[in-house]
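Trainee: This is the structure I have questions about; it appears just below.
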Amino acid sequence: MTASVGLGSSDPRPLLLVCPTPKLVAEAKEAGFPVVTIAETTGFTDDQLRDHLVETVRTHRVGMLIACGNASTLPAVLETAERLGVSPNPAASARLLADASQIRGLLTRSGPQWEALALPSGPGDTPPPYDIEYGVETLTVEGMHRVTGIVELRYTGKEATCAGSVPDPVTGDATAGTDLRGAPVHTFPAPLTRQEEAEIRALATGLLDLAGYEFGYAFTRVARTDEGPRVVESLPRQASWPASRLIELTTGLMAERELVRALSGIPLDAPVMVGCAAAVPSPGPSDAPDHGTALPEVREVRDGYALLTALTPAELAARRDAVLDRQASAGLLAAGEGPA
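Mapped onto our numbering, the consecutive letters of the sequence shown carry residue numbers 137 to 476.
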């Protein structure tokens, strides 16, 4: 059982936000939603978390539960929300997206045209090497998927990436994603031809259709291989830093505000690109942002990335290469890294 979306501030029942960002809480309150939050899920056993959710939903007469961040993939959260009728998605749909092996199984079961699009990473598999991924952020409302942005993730290390099970630099999760040689350079919008963009869009949104995803953000990673695009994983939440910030800087769309608009039943704004942006790994101290922002090309520094903006792709590429060249000259890059 799932909750209907589009109730808006006229519904007196509170909105329960699990592990939300402060921005999301503020946007929901500003839109008129009565808001209840569970700030953390760590420290709970699965049974304790289920009991806490049940008590919170019943005590506050919650109308809908939105799980954010890591909470968006926790079975205890997803299953409890569905059982109580406060989930905008079937629990099985969000759980499937959180498990790369289930995604591969879904694609395999969906016919030859889909089976070939899964990136194999099981025992004995030899997945094709690649050094470029595309991160596709989508916002789904009533089963309709709107692509809010496609970000290129280019790994500039000497060796190509291959399938593995390590913490992912985009999501921070330890998933069967990629064995990454260094952090990737992010570029938005991704430099794609119309045909390439259409193919990647169709792959990401088609996967969400197959999974039965009904509402909310999803971030799907697609590898560019010599054999064509291959799905790496898809997570039921918005893009994380720095991809989310690049989309916001370039389109002016704030992810949290768009989600609240969707919850309110308000038509979503179409993204309008103004310029382009990139995020370059910044090996310097993360607690010393002034060092990075002192460079003329750098707009802001946070969590190991320097963000750059420009009006044209050529200007952005020049600024990106200038930052990478400075890092290489200072000995801050690993062997083989540098401008692509």
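For each residue, glycine too, the CB sits at the ideal point set by N, CA and C.
Values in this document were obtained by computation on a predicted structure and should not be read as measured data.
1) Buried or exposed: Ser223, going by 16 or more other Cβ atoms within 10 Å of its Cβ?
2) Tell me whether the beta-carbon of Phe355 lies closer than 8 angstroms to the beta-carbon of Ala375.
3) Please state whether DSSP places Thr448 in a helix, a strand or coil.
4) Consult DSSP for Ser229 and reduce its assignment to one of helix, strand or coil.
5) When you compare only the Cα positions, how much space is there between Ile402 and Ala234?
6) What whole-angstrom Cβ distance do Val361 and Tyr291 have, given they're in contact under 8 angstroms?
7) According to DSSP, what are the bridge partners of Val172?
8) Under 8 angstroms: do the region 234-252 and the region 191-200 share three or more Cβ pairs, one atom per stretch?
9) Rounded to a whole number of angstroms, what is the C-alpha to C-alpha distance between Thr445 and Val161?
10) By how many angstroms is the C-alpha of Ser465 removed from the C-alpha of Val154?
11) Are the beta-carbon atoms belonging to Glu273 and Gly285 less than 8 angstroms from one another?
12) Give every residue of the same chain whose Cβ lies closer than 7 angstroms to the Cβ of Ala326, excluding the five residues on either side of it in the sequence, and list them in chain order.
13) Beta carbon of Val396, beta carbon of Ala167: below 8 angstroms?
14) Is it buried or exposed, Gln83, if we count other Cβ atoms within 10 angstroms and call 16 or more buried?
15) Just to check my reading of the structure: Val198 and Arg240 have Cβ atoms closer than 8 angstroms, yes? What is that Cβ distance to the nearest angstrom?
16) Can you list, in chain order, the residues of its chain whose CB lies under 6 angstroms from that of Lys165, leaving out five sequence neighbours each side?
17) How about Leu253 and Val437: are their beta carbons less than 8 angstroms apart?
18) Taking only the alpha-carbon atoms, compute the straight-line gap between Val358 and Val416 and give it to the nearest angstrom.
Mentor: So, from the data block:
1) Position 87 of the sequence shown, counted from the first residue, corresponds to residue 223. Burial call: buried.
2) Looking up residue 355 in the sequence shown gives position 219. Looking up residue 375 in the sequence shown gives position 239. Yes; because the gap between Cβ atoms is below 8 angstroms, this pair is in contact.
3) Counted from its first residue, the sequence shown places residue 448 at position 312. Correct three-state label for Thr448: coil.
4) Residue mapping note: residue 229 aligns to position 93 of the sequence shown, counting from 1. Ser229 carries a helical assignment under DSSP once its states are collapsed to helix, strand and coil.
5) On the sequence shown, residue 402 is found 266 positions in, with the first residue counted as 1. On the sequence shown, residue 234 is found 98 positions in, with the first residue counted as 1. Their backbone Cα atoms lie some 28 angstroms apart in a straight line.
6) Against the sequence shown, residue 361 aligns to sequence position 225. Against the sequence shown, residue 291 aligns to sequence position 155. Before going further, note that residue 361 is Thr rather than Val in the sequence given. Taking 8 angstroms as the upper bound for CB-CB distance, Thr361 and Tyr291 are not in contact here, some 13 angstroms apart.
7) Taking the first residue of the sequence shown as position 1, residue 172 is located at position 36. Under the DSSP definition of a beta bridge, Val172 partners with Leu152.
8) Taking a cut-off of 8 angstroms on C-beta distances, the region 234-252 does not touch the region 191-200, as fewer than three cross pairs fall below it.
9) For this step, residue 445 is matched to residue 309 along the sequence shown. For this step, residue 161 is matched to residue 25 along the sequence shown. Taking the straight line from one Cα to the other gives about 28 angstroms.
10) Sequence index remark: in the sequence shown, residue 154 carries index 18 (1-based). Sequence index remark: in the sequence shown, residue 465 carries index 329 (1-based). If you draw a straight line from the Cα of Val154 to the Cα of Ser465, it is about 45 angstroms long.
11) For the purposes of this step, residue 273 is taken as the residue at position 137 of the sequence shown. For the purposes of this step, residue 285 is taken as the residue at position 149 of the sequence shown. A contact, by the Cβ cut-off of 8 angstroms.
12) What you label residue 326 is simply residue 190 of the sequence shown in a count that begins at 1. Answer for Ala326: Tyr270, Ile286, Val287 and Glu288, listed in chain order.
13) Position 260 of the sequence shown, counting from 1, holds the residue named residue 396. Position 31 of the sequence shown, counting from 1, holds the residue named residue 167. In this structure, Val396 places its C-beta atom within 8 angstroms of the C-beta atom of Ala167.
14) Since the first and last residues shown for the chain are 137 and 476, residue 83 lies out of range.
15) Here residue 198 is taken as the residue at index 62 of the sequence shown, counted from 1. Here residue 240 is taken as the residue at index 104 of the sequence shown, counted from 1. In fact, because the Cβ distance is near 35 angstroms, the residues do not count as touching under 8 angstroms.
16) Here residue 165 refers to the residue found at position 29 of the sequence shown. Contacts found: Val171.
17) On the sequence shown, position 117 is the one that residue 253 refers to. On the sequence shown, position 301 is the one that residue 437 refers to. Not a contact, by the Cβ cut-off of 8 angstroms.
18) Counting from 1 along the sequence shown, the entry for residue 358 is found at position 222. Counting from 1 along the sequence shown, the entry for residue 416 is found at position 280. For Val358 and Val416, the gap between their C-alpha atoms comes out near 20 angstroms.
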